[in-house]
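Chemist:
In my numbering, the protein residues as written are 20 to 160.
In structure tokens, the structure reads:
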């Protein structure tokens with residue numbers, strides 16, 4: 020899990036570009052924040068749904084990372100999100116939890132809250148657990 024945390028704090032990755040920050044993580048659970056900037060606002064003055072989706076996908080990946088064995092990786096197979104209310108605050112929070120971790124797949128859920136703590140979205144995702152033939156999953160730098 021420490022290696023995953025280090026990767027999440029390296030500059031230059033997509034989640035950093037969107038202003039995401041890992042707040043807390045433990046096995047099977049993660050909390051992330053995203054700073055809302057002008058670039059993330061849609062034409063209606065709200066956080067773009069794609070930015071919220073990226074936040075929940077990243078939070079669910081962080082939650083699952085703590086349950087991976089050495090040499091395992093993951094990728095999103097499918098995910099859905101229900102938008103409950105628009106977000107206009109400067110910070111948005113996602114909390115993700117693993118519902119099921121099988122041998123090759125995992126099911127996770129995530130909640131998105133606005134800066135006031137009100138529910139903004141609910142997501143559900145299925146992830147494929149990857150393993151290389153030699154036990155080492157290659158990851159980009």
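All C-beta atoms in this analysis are idealised placements derived from N, C-alpha and C, irrespective of residue type, glycine included.
1. May I ask you to report which of helix, strand or coil DSSP gives residue 119?
2. Check each candidate in 144, 139 and 119 and name the one with the smallest Cα separation from residue 46.
3. Check this for me: beta carbons of residue 127 and residue 57, under 9 angstroms apart or not?
4. Name the residue from 75, 134 and 135 whose alpha carbon lies nearest to the alpha carbon of residue 41.
5. What separation, rounded to the nearest whole angstrom, lies between the Cα atoms of residue 71 and residue 55?
6. If I measure Cβ to Cβ from residue 114 and keep anything under 6 angstroms in the same chain, skipping five residues before and after, which residues do I get?
7. What is the C-beta distance between residue 110 and residue 140, in whole angstroms, given that I count them as a contact (C-beta under 8 angstroms)?
8. Taking all protein chains shown into account, decide if residue 36 is buried (16 or more other Cβ within 10 angstroms of its Cβ) or exposed.
9. Which residues mark the beginning and the end of the beta strand (DSSP E) in which residue 92 is found?
10. Residue 105: which of 134, 149, 73 and 52 sits nearest, CA to CA?
11. With distance defined between alpha-carbon atoms, name the residue in 88, 73 and 53 nearest to residue 122.
12. For the beta strand (DSSP E) that contains residue 57, what are its first and last residues?
13. Could you tell me which of 124, 84, 86 and 79 sits nearest to residue 112, measuring between CA atoms?
Modeler: So, from the listed chains and residues:
1. Residue state, collapsed to three classes: strand.
2. Closest by alpha carbon: 119.
3. Remark: C-beta atoms of residue 127 and residue 57 do not approach each other more closely than 9 angstroms.
4. Residue 75 is the option with its Cα nearest to residue 41.
5. A direct Cα-to-Cα measurement between residue 71 and residue 55 gives close to 10 angstroms.
6. Excluding positions up to five away in sequence, the list reads 50 and 130.
7. Contact between residue 110 and residue 140 is ruled out by a C-beta separation of about 15 angstroms, above the 8 angstroms threshold.
8. Its Cβ having fewer than 16 others within 10 Å, residue 36 is exposed.
9. Unbroken beta strand (DSSP E) run through residue 92: 91-102.
10. Just measuring C-alpha positions, the residue of 134, 149, 73 and 52 sitting nearest residue 105 is 134.
11. Taking only the C-alpha atoms, the option nearest residue 122 is 88.
12. Per DSSP, residue 57 lies in no beta strand (DSSP E) and is assigned neither H nor E.
13. Ranking 124, 84, 86 and 79 by CA distance to the CA of residue 112 puts 79 first.
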